[in-house]
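Per the working numbering, residue 30 is the first one in the sequence shown, and the count goes up by one each step.
Here is the structure we will look at.
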Amino acid sequence: MPLEVTKLGTGFGAEISGIDLTTPLTPQDEAELVSTIATYGVCVFRHTGLTDASHVWFSRILGNLWTVNGGRVRKRLPQLFDAGNLDPDGQITTDEGVRARRRGDRQWHTDSSFTKERTSWSLLLAHEVPSSGGDTWFADMREAYDALPEAMKLRIEGLAAEHSYFHSRMTGGAQLTEAEVDKMPSAIHPLVHVHPGSGRKSLYIGSHGRRIVGMEQEAGRALLRELIDFATQPQFVIRHSWSVGDLVVWDNLCTMHRGSDYDDRNERRDMRRTTVMASPPPPVMLDPRFADRFDPGRFAAFGAAA
Ligand code: OGA
Ligand code: MN
């Protein structure tokens with residue numbers, strides 16, 4: 030069946046219609062869908078009628094799913110990450126820790142950049158939405174990379190960043206200290222890579238980024254901030270306002286995203302996400318100039334390649 034594709038922005042993002050995600054797809058449909066998602070980076074499907082089961086089933090087309098440890102929907106569905114504000118009984122959570130973790134998602138980020146095995150697609154399905162706010166924003170890291178000044182492209186080629194979930198929770202307002210974050214797992218990934226889906230160069234950055242390998246902490250953070258600020262200028266950004274049943278699929282290997290504020294103490298927001306593993310994980314190519322300043326032992330435990 031021919032997909033109907035309506036572009037959402039000038040460079041990336043598309044709304045896809047003409048496809049029923051709740052019924053089995055032919056191999057041709059699947060292939061067309063996968064290449065459309067790779068091209069546009071963010072794809073919106075409206076009124077999908079997906080349930081937990083069909084959401085997971087459809088996501089499996091794209092690859093192996095990430096198994097959620099903490100933060101499962103209702104603490105039980107292993108493939109569904111809970112991006113909303115409900116507790117295990119389905120009531121608005123009163124747990125400030127949970128609320129703070131979700132608020133951390135309102136910084137520009139890339140899902141799972143803090144694990145060695147990165148994830149490619151995130152598939153977020155709206156079950157309940159607040160009456161206002163709670164939109165999700167996306168930015169295209171390929172367009173942003175292309176637009177960087179040549180001097181910046183040269184400066185960041187070969188650099189790698191350390192990414193930590195606990196770092197972004199700390200900067201998002203959770204009660205954590207630098208010393209505590211130091212002891213937690215993290216992962217290292219190149220700042221620039223080739224997006225497997227499109228073959229285009231892309232930035233790989235976001236709020237989990239904690240350090241640049243080989244740079245002083247503050248200088249590395251300043252560089253990360255500069256790149257994030259550059260890459261989230263309006264010309265690289267689109268926004269999705271959710272309706273119940275919407276599924277948005279984004280490719281973490283070529284986009285960043287962030288949530289936005291809503292009345293999370295009084296309004297229900299039930300959002301569930303499957304996440305597809307990127308496979309195989311690309312090698313980390315560290316600039317040999319920094320080899321003597323990098324202690325592989327510290328990261329080996331978390332599986333990061335030296
Ligand atoms: C996510 C996420 C933001 C939102 O699900 O990965 O960052 O708006 N969500 O719910
Ligand atoms: Mn996210």
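Quick reminder that beta carbons are idealized off the backbone N, C-alpha and C, glycines included.
Worksheet entry | Secondary structure of M314, DSSP reduced to three states | Bear in mind that the predicted position of M314 carries a pLDDT of just 44, short of 50, making it unreliable; the figure below should be weighed with that in mind. Coil.
Item to complete: List in chain order the residues whose CB is within less than 6 Å of at least one heavy atom of ligand 2.
Response: This criterion selects D134, H138, D140 and H286.
Worksheet item: So V221 and L232 are in contact, right, with Cβ under 8 Å, and what is the actual spacing, rounded?
Response: The beta-carbon separation of V221 and L232, rounded to 6 Å, stays under the 8 Å limit for a contact.
Worksheet item: From the DSSP output, which residues share a beta bridge with M285?
Response: Paired residue(s): A168.
Worksheet entry | Buried versus exposed call for L94 [16 or more other C-beta atoms within 10 Å across all chains shown] | L94 is buried by the Cβ-count criterion.
Item to complete: Could I get the ranges of all uninterrupted alpha helix (DSSP H) runs contained in the segment 223-267, with 4 residues as the minimum, in chain order?
Response: Counting only runs of at least 4 residues, the segment 223-267 fully encloses the following alpha helix (DSSP H) elements, listed from N- to C-terminal order: 246-260.
Worksheet entry | Residues that DSSP places opposite H218 in a beta bridge | According to DSSP, which records beta bridges pairwise, H218 is partnered with A190.
Item to complete: Could you pull out every residue in the same chain whose Cβ sits closer than 6 Å to the Cβ of E33, ignoring the five residues on either side in sequence?
Response: Excluding sequence neighbours, E33 sits near S46 and G47.
Practice prompt. Using 7 Å as the cut-off, classify the Cβ of R302 as near or not near the heavy atoms of ligand 1, replying yes or no.
Written response: Yes, ligand 1 has a heavy atom inside 7 Å of this Cβ.
Item to complete: Label P53 either buried or exposed according to how many other C-beta atoms from any shown protein chain fall within 10 Å of its C-beta, with 16 as the threshold for buried.
Response: P53 comes out exposed.
Worksheet item: Would you say T165 touches ligand 1, meaning its beta carbon is less than 7 Å from a heavy atom?
Response: It does: the Cβ of T165 is within 7 Å (strictly closer) of some heavy atom of ligand 1.
Worksheet item: Just how far apart, CA to CA, sit S142 and P31?
Response: If you take the alpha carbons of S142 and P31, they lie about 34 Å apart.
Worksheet item: Do you know offhand how far D175's Cα is from E247's?
Response: Just so you know, the alpha carbons of D175 and E247 end up roughly 26 Å apart.
Practice prompt. Verify whether the separation of the beta carbon atoms of R297 and E157 is less than 8 Å.
Written response: Taking 8 Å as the Cβ cut-off, R297 and E157 qualify as a contacting pair.
Worksheet entry | DSSP-derived helix/strand/coil call for Q57 | Residue state, collapsed to three classes: helix.
Worksheet item: How is M199 classed by DSSP in three states: helix, strand or coil?
Response: The answer is helix: DSSP assigns M199 an H, G or I state.
Worksheet item: What are the start and end residues of the alpha helix (DSSP H) that includes S83?
Response: Counting along the chain, the alpha helix (DSSP H) containing S83 begins and ends at D81 to S88.
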